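See structure below.
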Amino acid sequence: MSSPMDHLLEAIALARDNVRRGGRPFGAVVVKDGKIVARGVNEMLATHDPTAHAELLALRAAGRALGTPRLEGCAVYASGHPCPMCLAAMRMAGIEQVAFAYSNEDGEPYGLSTAAVYAELAKPFAQQAMKLVHMPVHPGGPVELYELWRAASSG
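If you count the sequence shown from 1, position 75 lands on 60 in my numbering, and the numbers rise without skipping.
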């Protein structure tokens, strides 16, 4: 069985290989019961997808490999400090542990820190640069949207 340090070194090796292929320096692995179940590298540049972060791609692959969107019992090992989007996705999936090698402080001189995004998200919505507006539109119909989902999922 591999150790946590082995998993972190694997994430860093993925990141290094990704740089050699023209990508950004980020890699991640998802581990369950001491075994890697999924890997991901940052594919933003290759796919022009702003959400194609290593951690998200590893989470997606883990969900497919395990046959579930719930990843309780899994840990993520990442080469860099996960951004707020990736951290939120990990929380939503039920990830219980995250370890990373390079901090936001390490990435700052290279333009690879997400510390400013974390700081922005810590502000109340009204003080954030991105405008977030709740527009309660409920067009009605025979069944409201969430009620429709509950009925469909309770089968």
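Using N, Cα and C, we set each Cβ at its ideal position, and we do this for glycine too. From a predicted model like this one, the values you see are computed outputs, not experimental measurements.
Can you tell me whether DSSP reads residue i as helix, strand or coil?
i, result
"residue 143", "Residue 143 is absent from the model: the chain starts at -14 and stops at 140."
"residue 21", "strand"
"residue 114", "coil"
"residue 12", "strand"
"residue 122", "coil"
Would a C-beta distance cut-off of 9 Å place residue i and residue j closer than the cut-off?
i, j, result
"residue 64", "residue 13", "yes"
"residue 81", "residue 101", "no"
"residue 17", "residue 51", "yes"
"residue 46", "residue 22", "yes"
"residue 42", "residue 26", "yes"
By the DSSP assignment, the alpha helix (DSSP H) with residue i in it spans what residues?
i, result
"residue 48", "39 to 51"
"residue 69", "69 to 78"
The beta strand (DSSP E) that contains residue i, what's its start and end?
i, result
"residue 62", "59 to 65"
"residue 83", "82 to 87"
How would you call residue i, buried or exposed, if buried means at least 16 neighbouring beta carbons within 10 angstroms?
i, result
"residue 40", "buried"
"residue 53", "exposed"
"residue 133", "exposed"
Does the contact criterion of 3 or more C-beta pairs under 8 Å hold for the segment 62 to 79 versus the segment 99 to 116? Taking 8 Å as the limit for Cβ pairs, the verdict is that the segment 99 to 116 does touch the segment 62 to 79.
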